[in-house]
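Step one of this worksheet: look at the structure below.
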Amino acid sequence: LEGTIVPSVTRRGKYLILTTRSLVPQKAHESSGSIIIHLGMSGSLRVMTPGTTPLKHDHVDIEFANGRLLRLNDPRRFGCVLYHPGDDPETHPLLAGIGVEPLGNEFSGEYLFGQSRGRKLAVKNFIMDSRVVAGVGNIYAAEALFMAGIRPATAAGRIPLRAYNRLASSVVEVLARSVREGGTTLRDFVGSDGTPGYFRQRLNVYGREGKPCRVCATVLKLKRIGQRSSVYCPQCQRSSGFTE
Numbered sequence: 011l012e013g014t015i016v017p018s019v020t021r022r023g024k025y026l027i028l029t030t031r032s033l034v035p036q037k038a039h040e041s042s043g044s045i046i047i048h049l050g051m052s053g054s055l056r057v058m059t060p061g062t063t064p065l066k067h068d069h070v071d072i073e074f075a076n077g078r079l080l081r082l083n084d085p086r087r088f089g090c091v092l093y094h095p096g097d098d099p100e101t102h103p104l105l106a107g108i109g110v111e112p113l114g115n116e117f118s119g120e121y122l123f124g125q126s127r128g129r130k131l132a133v134k135n136f137i138m139d140s141r142v143v144a145g146v147g148n149i150y151a152a153e154a155l156f157m158a159g160i161r162p163a164t165a166a167g168r169i170p171l172r173a174y175n176r177l178a179s180s181v182v183e184v185l186a187r188s189v190r191e192g193g194t195t196l197r198d199f200v201g202s203d204g205t206p207g208y209f210r211q212r213l214n215v216y217g218r219e220g221k222p223c224r225v226c227a228t229v230l231k232l233k234r235i236g237q238r239s240s241v242y243c244p245q246c247q248r249s250s251g252f253t254e
């Protein structure tokens with residue numbers, strides 16, 4: 011990375027991509043590449059001044075010529091920092107198979123409907139599959155399915171198009187609202203400014219098993235789907251997604 015600049019920062023799924031290239035025109039192509047960063051479950055990036063004493067879980071510093079450094083803190087060490095040469099970071103094996111972005115133009119009910127035909131996989135696991143949709147995690151999948159009125163264990167292939175249209179809209183709404191409100195605080199998540207997320211205060215089903223539904227007051231139920239717990243409302247969420 012020495013002697014290169016970072017002209018752009020993008021994201022693909024849950025991976026951050028820092029594009030790098032040389033300041034010297036004749037070397038720009040041969041030294042182009044990308045820094046690919048995954049924050050794991052509890053990692054964070056901070057912009058700091060050189061000489062700041064590293065803490066116990068500070069693992070990587072990327073120093074810039076303007077007197078700043080980018081520091082990765084990762085208590086659980088589930089994250090990664092990788093360098094990928096070339097102009098296209100999506101040729102890296104970790105990025106090559108990622109599905110469409112849920113906030114992008116390719117994501118729609120028609121897309122989900124087409125991808126789900128013949129699939130017996132539970133719809134919650136289906137929309138959490140990064141090969142189908144990039145970056146819809148457990149919390150947001152549960153919330154989107156509640157908003158769409160679809161029971162999470164329903165086979166993806168049984169859900170009709172109009173229910174998928176609702177689900178796609180719900181995924182976009184729940185993600186956009188979470189971004190506006192600062193993410194979802196669990197135990198140790200903080201934003202880039204060090205403040206916790208606040209979206210958890212507005213969750214309808216995740217983590218609320220045994221409590222009354224905020225819409226109909228029915229007691230919320232818990233079901234294990236694959237290796238994850240999933241909370242749903244047996245009244246508001248019908249098996250096939252028909253709530254009309």
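Take the sequence shown: its position 244, counted from the start at 1, is 254 in the numbering used here, and no numbers get skipped. Using N, Cα and C, we set each Cβ at its ideal position, and we do this for glycine too. A quick note: this is a predicted structure, and the numbers were derived from the prediction, not measured.
Backbone CA spacing between residue i and residue j [nearest angstrom]
i	j	result
Glu254	Arg22	For Glu254, the predicted model reports a pLDDT of 38, less than 50, meaning its position is unreliable; a value from the coordinates is still stated below. Cα to Cα, Glu254 sits roughly 36 Å from Arg22.
Ile27	Val229	43 Å
Asn148	Met138	7 Å
Val142	Phe136	7 Å
Lys24	Arg86	17 Å
Arg129	Met51	29 Å
Arg168	Thr29	42 Å
Lys134	Ala163	7 Å
Ala186	Val146	12 Å
Leu4	Leu11	With the chain covering only 11 through 254, there is no way to say anything about residue 4.
Pro222	Gln237	25 Å
Residue i classed as buried or exposed, judged by whether at least 16 other C-beta atoms fall within 10 angstroms
i	result
Val34	exposed
Val181	buried
Ala158	buried
Ser18	exposed
Gly89	buried
Asn83	buried
Leu122	buried
Ala75	exposed
Gly43	buried
Gly109	buried
Arg176	buried
Identity of the residue in the options nearest residue i by Cα
i	options	result
Ser118	Ser240, Leu92, Arg172	Arg172
Leu113	Leu49, His102, Val189	Val189
Tyr150	Gly53, Asn214, Arg234	Asn214
Val241	Thr63, Ala166, Pro170, Arg161	Arg161
Gly107	Gln237, Arg218, Ser140	Ser140
Phe156	Leu131, Pro170, Glu183	Glu183
Thr20	His69, Ser41, Leu131, Glu100	Glu100
Glu111	Pro95, Leu131, Pro103, Ala144	Ala144
Residue-chain proximity (residue i, chain B), Cβ-Cβ < 8 Å
i	result
Leu79	Of the chains in the structure shown, none is chain B; there is only one protein chain.
Neighbourhood of residue i by C-beta distance below 6 Å, restricted to the same chain and skipping five residues each side
i	result
Leu92	Ile46
Beta-carbon contacts of residue i that lie in its chain and below 7 Å, excluding the five residues immediately before and after
i	result
Gly13	Ser32, Leu33
Ala178	Phe117, Ser118, Gly119, Leu122
Glu73	Pro60, Leu79
Ser239	Leu232
Arg248	Gly159, Arg161
Ser41	Thr14, Arg31, Ser32
Val57	Arg78, Leu80
Cut-off 8 Å between Cβ atoms - residues of its own chain near residue i, not counting five sequence neighbours on either side
i	result
Cys226	Cys243, Gln245, Cys246
Gly77	Thr59, Pro60
Ser126	Val133, Phe136, Ala166, Gly167, Ile169, Tyr174
Cβ-heavy atom distance, residue i to the ligand COA, below 7 Å
i	result
Leu11	Looking for the ligand COA in the displayed structure turns up nothing, as the structure carries no ligands at all.
- Tell me the start and end of each unbroken alpha helix (DSSP H) in the stretch 97-139 that is at least 4 residues and wholly inside, in chain order. Segments of the alpha helix (DSSP H) lying fully in the stretch 97-139: 103-106, 119-126, 133-138.
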